[in-house]
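Here is the structure we will look at, set down as structure tokens.
Numbering (our numbering), first residue to last: 506 to 937.
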């Protein structure tokens, strides 16, 4: 297959969420058929409701600052599928992606023909296998893997990681993970296994109890991140942190991602780096400082300067919306224009109750995905007089409207879904 044929094949398997198959049989058989590439390098596995992608990006940046060859696997992508698979910050090339997708497809169809599997593995399982194989081919020194959904039965969870980390657990994907914090935490905590070091971000009490139970059952003594943390925010909304661990004292570390919450992700990354060093990887405190300062992670409180400026944030659940609201309240006290779109299955009413009151104008839209809520469905949650609400049927139309109603010194905040952020970044190429 060439690159376009590979894309058509993979997307033809169905969307990764709609076609999700919880279970590890598919990915175990598929990786075994290609030589179990995920066993050829050490890995870090990161689960959680919010912050796992940012934390993965920080660990990747720290590893590269230490001189390691680091593979990073994340999801979803904003614009191009190649974003999911990177080595030392470079996206997998189209030719490599197509070549490996062809090999994985042949292996998958062979397993079905042999009667080992009833159906071919899903989109996410096959893309995960592509990442594992690419990293092995390139001889990486460390893989940093973001869990796709949940943890226990996610395709990434076939690895035996050197370090497993749990970022803050909150409500999201209840249809798949359960309707209580305890159930959700149980799914995510299952990435902690015997022989694995574990880092735990500050959690709700209900989540902490479940995660501790998993650690005890796995004979793992976890590291709890967040104590002895001091945060100072600069004028642009970037945290500078001072932090004390059992091993090191870190002073005035600049974190390259906006938002007070990124300080917690940063200290989780610090503990991961220290545990990796204890387990044989040469990562100095200087590399930690350099990696945190250089980290980039698009679509998370990403500011695009202009007239007006844009703030892009993929907040898609109430916890993420609260983080965004806190950032706006602290760093942009003036009223804003809010461009909002979301998936039908999200807690739109709760997200809206947090974010909509902060907006002078609300532009409702939909992105190009059949799971997107219509503007009319979103409008039921507008909470206030609909005089300040504009209905649009496409992201470009929404952004054009937002520019027309926002003063040059104002702010357009685009949020509700990473899919919306991705389409916005494509539109930005015309104007910014």
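Glycine residues also receive a C-beta, built at the ideal position from the N, C-alpha and C atoms.
The structure presented is a predicted model; accordingly, all values stated were derived computationally and were not measured.
Please list the terminal residues of the continuous beta strand (DSSP E) segment that includes residue 842.
Sequence index remark: in the chain shown, residue 842 carries index 337 (1-based). From DSSP, the beta strand (DSSP E) with residue 842 extends over 841-845.
I believe residue 702 touches residue 816 by the beta-carbon criterion, under 8 Å. Please report the beta-carbon distance rounded to the nearest angstrom.
Within the chain shown, the letter at position 197 stands for residue 702. Within the chain shown, the letter at position 311 stands for residue 816. Rounded, the Cβ-Cβ distance is 36 Å, inconsistent with contact.
With DSSP run on the structure shown, which of helix, strand or coil describes residue 615?
Here the question's residue 615 lines up with position 110 in the chain shown. Helix at residue 615.
Please report the distance separating the alpha-carbon of residue 523 from that of residue 507.
Translated into the one-based positions of the chain shown, residue 523 becomes position 18. Translated into the one-based positions of the chain shown, residue 507 becomes position 2. Below a pLDDT of 50, predicted positions are generally treated as unreliable, and residue 523, at 47, falls in that range; no measurement from the model is reported.
Give me, in chain order, the residues of the same chain whose beta-carbon lies closer than 7 Å to that of residue 719; leave out the 5 immediate sequence neighbours on both sides.
Within the chain shown, the letter at position 214 stands for residue 719. Cβ neighbours of residue 719 beyond the five flanking positions: 694, 695, 697.
Could you pull the DSSP bridge partners for residue 671 from this structure?
Working through the chain shown from its first residue, we reach residue 671 at position 166. The partner list for residue 671 (beta bridge, DSSP) reads 552, 705.
So, does the region 599-611 touch the region 564-579, judging by three or more C-beta pairs under 8 Å?
Not touching, per the Cβ criterion.
Residues that residue 640 bridges to, as DSSP identifies them:
Along the chain shown, one-based indexing puts residue 640 at 135. DSSP, once it has assigned bridges, lists no residue as partnering residue 640.
Does the structure place the region 787-799 close enough to the region 529-538 that three or more beta carbon pairs sit under 8 Å?
no
What are the boundary residues of the beta strand (DSSP E) that includes residue 920?
The residue given as residue 920 occupies position 415 in the chain shown. Here the beta strand (DSSP E) through residue 920 covers 916-920.
How should residue 757 be labelled, buried or exposed, when 16 other C-beta atoms within 10 angstroms of its C-beta is the threshold for buried?
If you number the chain shown from 1, residue 757 lands on position 252. Residue 757 should be labelled exposed.
What are the boundary residues of the alpha helix (DSSP H) that residue 896 is part of?
To locate residue 896, count along the chain shown from 1; it is residue 391. Not the alpha helix (DSSP H): residue 896 falls in the beta strand (DSSP E), residues 894-896.
Mind checking whether residue 746 and residue 712 have CB atoms under 9 Å apart?
Here residue 746 refers to the residue found at position 241 when the chain shown is read from its first residue. Here residue 712 refers to the residue found at position 207 when the chain shown is read from its first residue. Their beta carbons are not under 9 Å apart, which means residue 746 does not touch residue 712 by this criterion.
Please state whether DSSP places residue 717 in a helix, a strand or coil.
Within the chain shown, numbered from 1, the residue matching residue 717 stands at position 212. In the structure shown, residue 717 sits in a helix (DSSP, three-state: H, G or I).
State the start and end residues of the unbroken alpha helix (DSSP H) segment that holds residue 793.
Residue mapping note: residue 793 aligns to position 288 of the chain shown, counting from 1. Residues 790-799.
Anticipated Cβ contact below 8 Å, residue 778 with residue 793, distance rounded:
In the chain shown, the residue the question calls residue 778 occupies position 273. In the chain shown, the residue the question calls residue 793 occupies position 288. The Cβ separation is near 5 Å, so the contact holds.
Name the two residues that bound the continuous beta strand (DSSP E) containing residue 575.
Position 70 of the chain shown, counting from 1, holds the residue named residue 575. Its beta strand (DSSP E) spans residues 575-578.
Compute the Euclidean distance between the alpha carbons of residue 836 and residue 625, then round it to the nearest angstrom.
Indexing the chain shown from 1 puts residue 836 at position 331. Indexing the chain shown from 1 puts residue 625 at position 120. Going from the Cα of residue 836 to the Cα of residue 625 covers about 49 Å.
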